[in-house]
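Visitor: One structure, as structure tokens, below. Some questions next.
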Amino acid sequence: MDTLLSRLDSAAEAGDISPEVLANVRLLLDRDSSPVTRLSIGELVDAKNWTELSNRFFRTLAFGTGGLRGKTIGAVVTSAEAGSPQPLGRPEHPCAGTNAMNDFNVARATRGLARYVKSHFARSGKTGRAAICLCHDTRHFSREFALLAARTITGMGLDAHLFEGPRSTPELSFAVRHLGAQAGVNITASHNPPEYNGYKVYFEDGCQVTEPHASAIIDEVNRPVDPREDEVPETARGRVIPMGAEIDAAYMDRLATLPLDPALIRRESGLKIVYTPLHGVGAVIIKPMLARLGFVCETVAAQEVPDGRFPTVKSPNPENAEALSMAIAQADRSGADLVIATDPDDDRMGVAARDHAGNMQLLTGNQIGSILAWYRTRKFFELGVLNDSNRARGVIIKTFVTTDLQKAIAEKSGLRCVETLTGFKYIGSKLGRYEREIPEELRSEYVHLSEEETRRLRLEHSSFYVFGGEESYGYSASDFVRDKDGNSAAVLIAEAAAYAKSQGTTLPGLLNRIFSEFGVYLERGESLTMDGAHGAAQIQKLVSSYANRPPVEIAGSSVCAIRNFATEEIHDVEGELIPAESMLMVTLADRRRVAIRPSGTEPKIKYYLFASELPERGRVFTAEEVVAARERVRIALDQLWTALSEDAKARLA
101 MDTLLSRLDS AAEAGDISPE VLANVRLLLD RDSSPVTRLS IGELVDAKNW
151 TELSNRFFRT LAFGTGGLRG KTIGAVVTSA EAGSPQPLGR PEHPCAGTNA
201 MNDFNVARAT RGLARYVKSH FARSGKTGRA AICLCHDTRH FSREFALLAA
251 RTITGMGLDA HLFEGPRSTP ELSFAVRHLG AQAGVNITAS HNPPEYNGYK
301 VYFEDGCQVT EPHASAIIDE VNRPVDPRED EVPETARGRV IPMGAEIDAA
351 YMDRLATLPL DPALIRRESG LKIVYTPLHG VGAVIIKPML ARLGFVCETV
401 AAQEVPDGRF PTVKSPNPEN AEALSMAIAQ ADRSGADLVI ATDPDDDRMG
451 VAARDHAGNM QLLTGNQIGS ILAWYRTRKF FELGVLNDSN RARGVIIKTF
501 VTTDLQKAIA EKSGLRCVET LTGFKYIGSK LGRYEREIPE ELRSEYVHLS
551 EEETRRLRLE HSSFYVFGGE ESYGYSASDF VRDKDGNSAA VLIAEAAAYA
601 KSQGTTLPGL LNRIFSEFGV YLERGESLTM DGAHGAAQIQ KLVSSYANRP
651 PVEIAGSSVC AIRNFATEEI HDVEGELIPA ESMLMVTLAD RRRVAIRPSG
701 TEPKIKYYLF ASELPERGRV FTAEEVVAAR ERVRIALDQL WTALSEDAKA
751 RLA
């Protein structure tokens, strides 16, 4: 190893690697005794592959407010990492590096989380033993990382509730509260490419960690502690407690409460659905759930097979049209009305639906969310759950980068529309606050009360959550899950499709009716991907450029307002301070709008484009006017992106 270190020192002196890379390599060699780590680093040094070495070590994988996300498989797989042949052709070992998802970072994160959970539990005055729920998806190394986390947790004197097989992110959120655990971890990288994996952390409220817990956990993860200091005696070790069918059943019982018109579903039992989990976990719940509710559903057999390579798609992301192509082809063969796709950890849902001409039409995340917000708002009023006396307690929650059509729907109905930063943890945090506003003596058993009982409490004492979502294909409609939920979303969109069919139309037809009443709102999402150490620097250069030199004109329209969420004090409509975040919101004189922010989980800078055309006050658009307005708004968005992309190139030059 001394020879290896001397060669690394020489590479740093020659400028082949940075001082930060050298320091991080030394850190890993000191902390990780695995021979695979030393051999892998040695192979990269032998090959003088300084680019790969730098990408693996230019930083220590940051434990952010949501957890970790990074590559488990490097762009170069060393022979030590490849090891012996494995199922699905994956390497035997995850890639070595401080900037990678591997045993080193999983154990480091778990120890920090467990330390904080133990201290928080002790301060709470509760008796017994603290517990953490563990879940994983179908990605490479997910099960191994979950087992490592379980061993780490129990070795520190906490119990680990571990799902017996792959399960969804929303079911983990549910399980944490259902079991009264103090935290939860899901090993997943959501819809990222196959070489990625992640570590997503939840707290006792079933929501992804928010402040003040997030910063405290980060401090514990980053605190240099000898792992042996965390170990407890054998007699004080925790237990690994399997989770499985009993949690599935309890969760599905709550999902069964989501349909607002079960009789409608029975009347439209001829509605046909094709569903694909895109090689992920979704079929565990969605397939039996849709059947239980009376829907006719068939799956895409080739994509129902759990496979971390995601071999039948370019990307397992239901935001991408290509990911739904096999399901759409199957729907065309079988004459199905609706296609539903969920990402590998089943928190996002994409949809294609047949239009009046018989063609399958993809719906955007904004459009899916708007249909669901409109339908559930309308149906709650029809049922009398919402009325003139309590409508002020109704709330629709959306992110700042989600369509304003949902705000228009809320406001016309007399509901409150609350906007949050991107990330469902902010929506989940709101739901937790609404629960806490119910008098303590009435909510002692809140988690285990029926949906009808909690709805009554929220309408009488707090705020009633009608619907929430974000443009990136995440939705929810109740607070028994405190995260976006692909299982719930599948139930919701299937009911909305049944409603559309009962009205002699389709989901695309229903969307046009909504546009007719509220105006045509269209959006476009774009991003610039810049990977590795150089890419991270380029993203930061762009972020700084927009902050220091904000645009004054875009696509022929002058800038009339700019909100910098990193530097300004911004409050939501309920008076709560919005946490500082790197995001710029630019509004143009012609009412077009763009939000610019670096991704928190991917090497991207994201652009969210908005444009709309509204009918004159007191009237609605005709069907022909909707078609014409959609084309004009689409062109306006195209022009906006052309101008933004050219400006970005100039800023990076």
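Position one of the sequence shown corresponds to residue 101 (my numbering), numbered consecutively onward.
Ideal placement from N, C-alpha and C gives every residue a C-beta, glycine not left out.
Which one of Gly394, Val400, Ala214 has the shortest CA to CA distance from Val332?
Guide: The shortest C-alpha separation from Val332 is found at Ala214.
Visitor: List in chain order: all unbroken beta strand (DSSP E) runs of 3+ residues lying wholly within the segment 436-504.
Guide: Runs found: 438-442, 449-454, 460-463, 494-499.
Visitor: Going by the beta-carbon positions, is the gap between Glu653 and Tyr707 smaller than 7 Å?
Guide: The answer is no: Cβ separation not under 7 Å.
Visitor: What's the call for Asn587, buried or exposed, on a 16-neighbour Cβ count within 10 Å?
Guide: Asn587 should be labelled buried.
Visitor: Contact defined as beta carbons within less than 8 Å: I believe Arg663 pairs with Leu740. What is the distance between those atoms, to the nearest angstrom?
Guide: Incorrect: roughly 18 Å between the Cβ atoms, too far for contact.
Visitor: Okay, do the segment 270-280 and the segment 315-325 touch, 3+ Cβ pairs below 8 Å being the bar?
Guide: No: the two stretches stay apart, fewer than three of their Cβ pairs being nearer than 8 Å.
Visitor: At 3 residues or longer, what runs of the beta strand (DSSP E) sit wholly inside the segment 617-663?
Guide: Entirely contained in the segment 617-663, the beta strand (DSSP E) runs reaching 3 residues are, in chain order, 620-629.
Visitor: Mark Arg433 as exposed unless 16 or more other C-beta atoms lie within 10 angstroms of its C-beta, in which case mark it buried.
Guide: Exposed, since its Cβ has fewer than 16 Cβ neighbours within 10 Å.
Visitor: For the putative contact between Val518 and Val501, defined by C-beta atoms under 8 Å, what is the C-beta separation to the nearest angstrom?
Guide: The pair is not a contact, with the Cβ atoms about 14 Å apart (cut-off 8 Å).
Visitor: Could you tell me whether the Cβ atoms of Leu245 and Val206 are closer together than 7 Å?
Guide: Residue 245 is actually Phe in this sequence, not Leu. Taking 7 Å as the Cβ cut-off, Phe245 and Val206 qualify as a contacting pair.
Visitor: Kindly indicate which residue of Ala230, Leu358, Cys195, Ala182 has the alpha-carbon position closest to the one of Met389.
Guide: Nearest C-alpha to Met389: Leu358.
Visitor: What whole-angstrom Cβ distance do Lys479 and Leu557 have, given they're in contact under 8 Å?
Guide: In fact, because the Cβ distance is near 20 Å, the residues do not count as touching under 8 Å.
Visitor: Between Thr499 and Met683, what straight-line distance do the alpha-carbon atoms span, to the nearest angstrom?
Guide: Approximately 12 Å between the Cα atoms of the pair.
Visitor: Alpha carbons only, please: which of Thr503, His379, Cys233 is nearest the one belonging to Ile471?
Guide: Ranking Thr503, His379, Cys233 by Cα distance to Ile471 puts Thr503 first.
Visitor: With a Cβ-Cβ cutoff of 7 Å, do Asp446 and Val381 count as a contact?
Guide: Yes; because the gap between Cβ atoms is below 7 Å, this pair is in contact.
Visitor: Tell me the residue span of the alpha helix (DSSP H) that contains Thr151.
Guide: Segment 150-157, the alpha helix (DSSP H) holding Thr151.
Visitor: Suppose contacts are defined by Cβ-Cβ distances below 7 Å. Is Asn466 in contact with Glu623 by that definition?
Guide: Yes, they are a contact pair.
Visitor: Can you tell me which of the three DSSP states Asp259 falls into?
Guide: Here Asp259 sits in strand by DSSP.
Visitor: How big is the Cα-Cα spacing for Ala421 and Leu462?
Guide: Near 7 Å, if we compare the C-alpha coordinates of Leu462 and Ala421.
Visitor: Beta-carbon separation of Ala283 and Val340 under 7 Å?
Guide: No, they are not a contact pair.
Visitor: Going by the C-beta, is Ile385 closer than 6 Å to any heavy atom of the ligand GDP?
Guide: Summarising the ligand content, the structure contains no ligands, and the ligand GDP is consequently not present.
Visitor: Which residues does DSSP pair with Thr252 in a beta bridge?
Guide: Looking at the DSSP assignment, Thr252 forms no beta bridge with any residue, so it has no partner.
Visitor: For Ile413, collect the residues of the same chain with a Cβ closer than 7 Å to its Cβ; drop the 5 residues on either side in sequence, then sort them by chain order.
Guide: For the record, residue 413 in the displayed sequence is Val; it is not Ile. Cβ neighbours of Val413 beyond the five flanking positions: Leu378, Glu422, Ala423.
Visitor: Have a look at Ser544 and Ala222 and give me their C-alpha separation to the nearest angstrom.
Guide: Rounded to whole angstroms, Ser544 to Ala222 spans 21 Å at the Cα level.
Visitor: Smallest Cα separation from Ala147: which of Phe163, Phe158, Leu104, Gly164?
Guide: The option with the nearest alpha carbon to Ala147 is Leu104.
Visitor: Taking the C-alpha atoms as reference points, what is the distance between Gly619 and Thr477?
Guide: Gly619 and Thr477: Cα-Cα distance of roughly 17 Å.
Visitor: What residues in its chain sit with their C-beta under 8 Å from that of Gly166, if we drop five residues either side in the sequence?
Guide: Here the set comprises Lys300, Val301, Gln308, Val309, Gly523, Lys525, Gly700, Thr701.
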